Ligand code: FE
Ligand code: CA
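Numbering (this note's numbering), first residue to last: 6 to 519.
Rendered as structure tokens:
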């Protein structure tokens, strides 16, 4: 975007006034938009914590009375402070934004100190945003004794209140790891406690509206303002069960990719991420380090995956199959060849003991034994068994003793052992897995989960009848995962309790009840 001379002048004036500590109301009409209502209604967020940087985000949402399109470009200032009282500023800058990017603002704040708390806010004209808190990662070589984060996913707006986010906002954490289904494109009136109020999105404007609706939720805004987030996506950010360029309706791929481009753009516009999409492509997989203690890879399980095995255009793309030859095709991939290589290389290089994979769905096997053979859900890792085998064998070969896979998508809390050959006691346990439940999205019954566990001895724990999230704490000695859950996700004041807790001991793959 080009910045006009007039905008530069306005920016200079703002800086001069701000430098003098002028009260917000004292600024001139021309330089300082006056707002009929605060345009920072979607809150603030931070993400991608590194030792020297974080990404700060906001999106201005001018009310009708403020007539945003007529405003053209807006200059939004950000300020970063070393203290909660905002007495000690450490950085300040400006971003010019406009309607072409939905008045979103993405700032990569650099030159920060490692393992530090920071507070930040945005201002535009006479309006100021809420204050957010963020925290940088420790230096790469730091002797870090503890890492704490929340694991969350799957927040269907219509199926419940975001009470889980209120608890997350109140915890002392290094970050929130959100592994997908941030918005849902579809509706399921059967379980609705509130309504999207709009139809399934297909266009950029419609996806923007959906994201804005979610961010208007006060509890979700609080969790963003409280902690930096590390994000990856699953399917519902675009459409249920999509795989690369194929949607479940078998839409012409060229048309579907236009929709995917709109969905990815709206996603970027609402998230604390640094890299915007290029058309229908967006790099979201990433790598984070926490001192010498832990390394986290966030994976993209949607954009590059092979189409579903043994798909049937007459049904949904993801489905249950019993005998499907295509499953055994070694060419099929969940991550795509490039991301697979990147991950394998990263795992082989990494000297940090705890190796965490933040990804969309459940990696341990979940099929059922039937008289006709083993039934498999083709949308999950069970639908990509050769890719799963390569990943786990590769990690084992690389000597990754403390591999911990963290997932979402399946709307249940899961603790499981990971073997190269699932459920085969002769195949050693090479990793551990936790799925963090779902913030609101409905899950399977207790009976269904008990049956799934009977047919899958690697799964130590599976509960789909409660909603929630997980808190993970990592020390050099062990990883502890606490499943937080509520039986009443449909109440705004839902209270959470610990459903179960598990540990992974350093150097010993597999989950154990705490
Ligand atoms: Fe989901
Ligand atoms: Ca999903």
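Quick reminder that beta carbons are idealized off the backbone N, C-alpha and C, glycines included.
The structure displayed is predicted, hence computed values, not measured ones.
Under three-state DSSP, which class holds residue i?
i	result
residue 504	strand
residue 81	strand
residue 492	coil
residue 164	helix
residue 28	Residue placement at residue 28 is flagged as unreliable, the pLDDT there being 35, under the threshold of 50; the coordinate-derived value follows with that caveat. Of the three classes helix, strand and coil, the one that applies to residue 28 here is coil, per DSSP.
residue 44	coil
residue 530	With the chain covering only 6 through 519, there is no way to say anything about residue 530.
residue 173	helix
residue 105	helix
residue 343	helix
residue 521	In this structure the chain extends from 6 to 519, so residue 521 is not present and cannot be described.
residue 524	Nothing about residue 524 can be reported from this structure: the residues present for the chain run from 6 to 519 only.
residue 350	helix
residue 518	strand
residue 212	helix
residue 122	strand
residue 390	helix
residue 402	helix
residue 509	strand
residue 34	For residue 34, the pLDDT reaches just 37, beneath the cut-off of 50, and the residue's location in the model is therefore unreliable, leaving the point undetermined.
residue 456	helix
Which whole-angstrom value is the C-beta distance of residue i and residue j, which I expect to be below 8 Å?
i	j	result
residue 516	residue 403	About 21 Å; that fails the 8 Å criterion.
residue 144	residue 224	Rounded, the Cβ-Cβ distance is 33 Å, inconsistent with contact.
residue 463	residue 353	So it is not a contact: roughly 25 Å between Cβ atoms.
residue 398	residue 306	About 18 Å separates the two Cβ atoms, so there is no contact after all.
residue 278	residue 53	7 Å
residue 110	residue 63	5 Å
residue 139	residue 162	Contact flag wrong, Cβ pair sits at about 25 Å.
residue 275	residue 216	4 Å
residue 160	residue 366	16 Å between Cβ atoms; not a contact.
residue 400	residue 361	Actually they are not in contact, since the Cβ atoms of residue 400 and residue 361 sit about 12 Å apart, beyond 8 Å.
residue 523	residue 81	No information on residue 523 is available, as it lies outside the stretch 6 to 519 that the chain covers here.
residue 191	residue 495	No, residue 191 and residue 495 are not in contact; Cβ-Cβ is about 18 Å, not under 8 Å.
residue 176	residue 476	7 Å
residue 201	residue 218	6 Å
residue 253	residue 321	5 Å
Cβ atoms of residue j and residue i: under 8 Å apart, would you say?
i	j	result
residue 156	residue 359	no
residue 487	residue 506	yes
residue 70	residue 42	yes
residue 304	residue 313	no
residue 258	residue 250	yes
residue 442	residue 490	yes
residue 234	residue 50	yes
residue 504	residue 469	no
residue 416	residue 447	yes
residue 520	residue 271	Here the chain comprises residues numbered 6 to 519, so residue 520 is not present and cannot be evaluated.
residue 38	residue 129	yes
residue 137	residue 126	yes
residue 203	residue 214	yes
residue 232	residue 178	yes
residue 108	residue 100	no
residue 40	residue 132	yes
residue 471	residue 511	no
residue 311	residue 248	yes
residue 423	residue 457	no
residue 4	residue 377	Lying outside 6 to 519, the shown extent of the chain, residue 4 is not represented and no answer is given.
residue 292	residue 302	yes
residue 181	residue 113	no
residue 119	residue 48	no
residue 345	residue 395	yes
residue 174	residue 87	no
residue 84	residue 501	no
residue 46	residue 221	yes
residue 379	residue 388	no
Mind checking if residue i is an interface residue toward chain C, Cβ cutoff 8 Å exclusive?
i	result
residue 297	The structure shown has no chain C; it contains just one protein chain.
Query raised in the report: How about the region 148-168 and the region 84-95: do they share at least three Cβ pairs that are nearer than 8 Å?
Result: no
Query raised in the report: If you pair each beta-carbon of the region 449-456 with each one of the region 189-203, do three or more pairs fall below 8 Å?
Result: no
Query - By C-beta, the residues closer than 5 Å to any heavy atom of ligand 1, given in chain order - result: 159, 186 and 446
Query raised in the report: Using 8 Å as the Cβ pair cut-off and three pairs as the minimum, do the region 333-346 and the region 274-289 touch?
Result: no
Query raised in the report: So, do the region 422-433 and the region 300-319 have three or more beta carbon pairs nearer to each other than 8 Å?
Result: no
Query raised in the report: Using 8 Å as the Cβ pair cut-off and three pairs as the minimum, do the region 224-239 and the region 182-194 touch?
Result: yes
Requested in this report: Would you check if there are 3 or more beta carbon pairs closer than 8 Å linking the region 378-387 to the region 433-443?
Outcome: no
Query raised in the report: Would you say the region 255-275 touches the region 324-332, given that touching needs at least three Cβ pairs under 8 Å?
Result: no
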